[in-house]
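Position one of the sequence shown corresponds to residue 26 (my numbering), numbered consecutively onward.
We treat Cβ as the ideally placed atom computed from N, Cα and C, and that holds for glycine.
Keep in mind the model is a prediction, meaning the values are calculated, not measured.
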Amino acid sequence: MTTRSRTDRRAPQRGDQRRSALLAALDELLRDNGGQLEPINIAEISRRAGLTRSAFYFYFENKAAAVAAALEQTYEEVFAVNDILVGSGAPAERIERTIRGLIEFWDRNRHLYSAVLAARSSSPGVRDMWESDRQAFIPSIAAMIESERAAGRAPAGGDATAVADVLLLLNERLLERLTLAAELDRERYIESVVTVWLRSIYGTVPGLAAPTTARSFPMKMSSPGDESR
Numbered sequence: 026m027t028t029r030s031r032t033d034r035r036a037p038q039r040g041d042q043r044r045s046a047l048l049a050a051l052d053e054l055l056r057d058n059g060g061q062l063e064p065i066n067i068a069e070i071s072r073r074a075g076l077t078r079s080a081f082y083f084y085f086e087n088k089a090a091a092v093a094a095a096l097e098q099t100y101e102e103v104f105a106v107n108d109i110l111v112g113s114g115a116p117a118e119r120i121e122r123t124i125r126g127l128i129e130f131w132d133r134n135r136h137l138y139s140a141v142l143a144a145r146s147s148s149p150g151v152r153d154m155w156e157s158d159r160q161a162f163i164p165s166i167a168a169m170i171e172s173e174r175a176a177g178r179a180p181a182g183g184d185a186t187a188v189a190d191v192l193l194l195l196n197e198r199l200l201e202r203l204t205l206a207a208e209l210d211r212e213r214y215i216e217s218v219v220t221v222w223l224r225s226i227y228g229t230v231p232g233l234a235a236p237t238t239a240r241s242f243p244m245k246m247s248s249p250g251d252e253s254r
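If you want it as structure tokens, here you go:
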């Protein structure tokens with residue numbers, strides 16, 4: 026991805042085993058302690074990788090940058106999930122498969138996601154990477170929304186780019202909730218997020234009847250003498 030220069034001191038090169046060893050060591054340490062970045066120190070990462078502290082700093086500015094790079098390595102999975110969303114098929118099926126695929130990705134990488142959330146709060150570089158990575162998904166989703174509108178499968182609506190950005194923020198918030206909440210009814214949240222996506226793009230949820238418009242009845246205003254009649 027194009028944002029790697031914000032997290033790495035040196036762009037990765039093919040066959041660079043030392044960098045990979047450092048990221049693998051950090052990944053193992055985070056799996057061992059449940060995704061807590063703070064207790065891990067750079068000496069520990071370097072020792073687990075069989076390298077020196079100077080080798081670590083050759084590649085990464087700090088451990089926040091390293092954990093961001095570790096999470097970025099997994100993003101090919103997210104792009105594969107995004108391909109389902111913008112591909113062919115019934116809208117409800119595509120969107121549900123996308124949300125479930127995103128959560129499966131999170132399940133496999135919860136330790137990294139948790140650590141990056143912690144790093145994001147203190148590292149401008151990680152925040153920039155996070156924002157840039159989300160922005161990378163917007164064009165394809167916006168194009169899908171515009172295509173659905175042009176084909177008459179979705180109604181006209183707000184700016185497609187802004188809609189795509191808001192929906193991605195919703196996904197981001199879902200993963201944060203799953204990461205930080207000890208007890209969460211996952212299925213209920215998945216269903217709700219899928220519904221928001223469908224209604225935001227298509228104006229309805231396929232298979233559900235459109236809501237009926239409530240009838241409005243004028244209220245009769247009583248005059249001062251009505252109560253005595």
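- Counting C-beta atoms within 10 angstroms of its own C-beta, SER147 has fewer than 16 neighbours from the protein chains shown and is therefore classed as exposed.
- For LEU223, the uninterrupted alpha helix (DSSP H) segment begins and ends at 211 to 227.
- Inter-residue distance for ALA91 and GLY150 is about 11 Å (C-alpha atoms, whole angstroms).
- Inclusion of ALA93 and LEU223 in the CB contact set at 8 Å is not warranted, their separation being larger than that value.
- Between the alpha carbons of TYR82 and ALA68 lies a distance of about 11 Å.
- Residue pairing for PHE104: DSSP places it in no beta bridge.
- Contact between ALA140 and GLY60 holds, with the beta-carbon distance rounding to 5 Å and staying under 8 Å.
- Taking C-beta atoms as the reference points, LEU54 and ARG78 fail to come closer than 8 Å.
- With a beta-carbon spacing of about 6 Å, ASP190 and ILE163 fall inside the 8 Å limit used to define contacts.
- Taking 8 Å as the cut-off, the beta carbon of ALA185 is found closer than this to the beta carbon of GLU171.
- For PRO164, the enclosing alpha helix (DSSP H) covers residues 149 to 175.
- Following the DSSP letters along the chain, one finds PHE81 inside the alpha helix (DSSP H) bounded by residues 78 to 84.
- ASP132 carries a helical assignment under DSSP once its states are collapsed to helix, strand and coil.
- Here DSSP, grouped into helix, strand and coil, assigns ALA189 to helix.
- If you draw a 10 Å sphere on the C-beta of ARG145, you find 16 or more other C-beta atoms in it, and that means buried.
- Between LEU195 and VAL218 a beta carbon distance of about 6 Å is seen, short of the 8 Å cut, so the two are scored as contacting.
- Taking all protein chains shown into account, ASN107 has 16 or more neighbouring C-beta atoms within 10 Å of its C-beta and is therefore buried.
- Within its own chain, the residues whose Cβ lies closer than 7 Å to the Cβ of ALA95, once the five positions on either side in sequence are excluded, are LEU48, LEU51, ASP52 and LEU137, listed in chain order.
- For GLU97, the enclosing alpha helix (DSSP H) stretches over residues 88 to 97.
- By the neighbour-count criterion, in which 16 or more other beta carbons inside 10 Å mark a residue as buried, SER71 falls on the buried side.
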